[in-house]
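Written out below as structure tokens is the structure these notes cover.
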Amino acid sequence: MNLTAEAVPFVKSIFHPSDFSKASELAFAHALAIALIRKTELVILHAGRSDLGDWAQFPPVRKTLERWKVLAPGSPRSARFEKLAIRVTKVSSRGNPVQASLKYIQAQKPDLVVLATRGRYGLPLWLKPSVSQAIARRTQAMTLFVPRGCRGIVSTDGIIRLHRILLPVDYQPSAEEAVIRAVRAAESLGDKKVEIVKFHVGNGAFPRINRPRSQTCTWTEKRGKGEVAAAILDAAETDVDLIVMATAGRHGVVDAMRGSVTERVIRGAPCPVLAVPAV
Numbered sequence: 031m032n033l034t035a036e037a038v039p040f041v042k043s044i045f046h047p048s049d050f051s052k053a054s055e056l057a058f059a060h061a062l063a064i065a066l067i068r069k070t071e072l073v074i075l076h077a078g079r080s081d082l083g084d085w086a087q088f089p090p091v092r093k094t095l096e097r098w099k100v101l102a103p104g105s106p107r108s109a110r111f112e113k114l115a116i117r118v119t120k121v122s123s124r125g126n127p128v129q130a131s132l133k134y135i136q137a138q139k140p141d142l143v144v145l146a147t148r149g150r151y152g153l154p155l156w157l158k159p160s161v162s163q164a165i166a167r168r169t170q171a172m173t174l175f176v177p178r179g180c181r182g183i184v185s186t187d188g189i190i191r192l193h194r195i196l197l198p199v200d201y202q203p204s205a206e207e208a209v210i211r212a213v214r215a216a217e218s219l220g221d222k223k224v225e226i227v228k229f230h231v232g233n234g235a236f237p238r239i240n241r242p243r244s245q246t247c248t249w250t251e252k253r254g255k256g257e258v259a260a261a262i263l264d265a266a267e268t269d270v271d272l273i274v275m276a277t278a279g280r281h282g283v284v285d286a287m288r289g290s291v292t293e294r295v296i297r298g299a300p301c302p303v304l305a306v307p308a309v
């Protein structure tokens with residue numbers, strides 16, 4: 031069934047693999063806050079050799095919600111669903127984190143995967159290109175890459191800030207789906223007004239795209255010059271809270287891991303990057 035742009039929600043289910051690292055804390059905050067705002071399902075996975083008892087304590091979902099003052103101190107586990115209407119499932123698995131991630135992605139079929147990255151030093155070591163391609167082939171989910179130490183949309187203290195979205199557009203891949211998701215992100219996470227900056231590198235005609243109706247978004251256009259990824263990163267340095275990028279077609283986020291513009295942007299981004307498969 032095809033939905034109109036106005037009927038497309040930002041996200042209905044979220045998958046977040048955690049590796050217990052400092053880099054994962056910020057990504058976890060993003061995954062939890064989006065689940066809280068959208069009142070949706072969140073599956074958090076840890077796989078590896080860590081003691082399973084440690085997993086029960088990290089990441090601390092209930093304590094985080096209490097620190098954010100959305101749950102009263104000492105609230106029972108059931109309060110997460112009864113009061114907040116979110117479903118959080120923790121899954122711990124010994125062994126290969128990649129195979130475990132694939133297993134739960136196939137079972138859950140999330141429409142958003144939230145991944146921590148090592149900031150401007152690249153992707154987590156376990157998320158090698160071949161691994162990412164394997165994950166991408168099994169899901170059409172959007173992927174939110176959250177660099178360590180970035181100016182995130184969500185802080186670890188639960189403060190949400192989304193004022194400006196950078197939306198690179200070109201003739202291929204189509205940015206239509208990315209535009210819809212950028213608007214839905216603005217409506218779900220943004221302040222009263224969110225500026226969406228359509229950004230095109232080159233001197234030719236500016237790609238025309240349909241804009242969903244929204245009371246939240248304002249629109250501007252900006253051009254860049256030179257190498258595409260470098261131009262996008264340069265534009266993102268100034269007060270941009272989120273980059274939303276279309277990735278190549280039916281292969282989902284596999285394009286983001288093949289030396290593409292998307293990969294280079296993810297590796298150098300000063301803020302989270304939402305990779306949206308083109309349709």
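When you read off a place in the sequence shown, starting at 1, and then add 30, the result is the number in this note's numbering.
All C-beta atoms in this analysis are idealised placements derived from N, C-alpha and C, irrespective of residue type, glycine included.
Note that the structure is a prediction, hence the values are computed from the model and not measured.
- Within its own chain, the residues whose Cβ lies closer than 8 Å to the Cβ of Asp269, once the five positions on either side in sequence are excluded, are His193, Arg194, listed in chain order.
- Under the rule that a run must span 4 or more residues, the alpha helix (DSSP H) segments found entirely inside the region 202-262 read 206-219.
- A straight-line Cα-Cα distance of about 27 Å links Val128 and Arg181.
- Contact holds between the region 116-123 and the region 61-72, because three or more Cβ pairs, one in each stretch, are under 8 Å apart.
- A direct Cα-to-Cα measurement between Lys222 and Asp271 gives close to 15 Å.
- Sequence-distant partners of His46 (beyond 5 residues in either direction) whose C-beta falls short of 6 Å from its own C-beta, in its chain, are Ala61, Ile74, Val144.
- Of all alpha-carbon atoms in Val306, Asn233, Ser48, the one lying nearest the alpha-carbon of Val121 is that of Ser48.
- Here the alpha carbon of Arg214 sits roughly 14 Å from the alpha carbon of Ile273.
- The beta carbons of Ile183 and Val209 sit about 18 Å from each other, so the pair does not count as a contact at 8 Å.
- Beyond the five residues adjoining it in sequence on each side, Ala259 comes within less than 6 Å, by CB distance, of Val291, Arg294, Val295 in the same chain, given in chain order.
- Here the alpha carbon of Gln202 sits roughly 45 Å from the alpha carbon of Leu101.
- Residues Pro300 of the same chain have their beta carbon placed closer than 7 Å to that of Glu267, with the five preceding and five following residues left out of the count.
- Rounded to whole angstroms, the gap between the alpha carbons of Pro307 and Ala276 is 6 Å.
- Per DSSP, Ser131 is one residue of the alpha helix (DSSP H) stretching across 127-138.
- Assignment of beta-bridge partners to Thr147 by DSSP yields Pro177.
- Your pair Val41 and Thr70 checks out as a contact, with CB atoms roughly 6 Å apart and the cut at 8 Å.
- In the assembly as shown, Phe58 is a buried residue. Its beta-carbon has 16 or more other beta-carbons within 10 Å.
- For Val303, the closest alpha carbon among the candidates Leu174, Gly125, Leu95 is that of Leu174.
- In this model, Pro177 and Ala146 are separated by some 6 Å (Cα to Cα).
- Contact between Gln138 and Ser218 is absent: CB atoms are separated by about 20 Å, not below the 8 Å threshold.
- By the beta-carbon neighbour count (other beta carbons within 10 angstroms, threshold 16), Phe236 is exposed.
- Just so you know, the alpha carbons of Ser204 and Leu197 end up roughly 12 Å apart.
- In the displayed model, Ala276 falls within a strand according to three-state DSSP.
- Listed in chain order, the non-local C-beta contacts of Arg97 below 6 Å within the same chain number zero, local neighbours out to five positions each way being set aside.
- For Arg92, the enclosing alpha helix (DSSP H) stretches over residues 91-97.
- In this structure, the beta-carbon distance from Glu225 to Thr246 does not fall below 8 Å.
- The Cβ atoms of Gly254 and Phe229 sit closer than 8 Å to each other.
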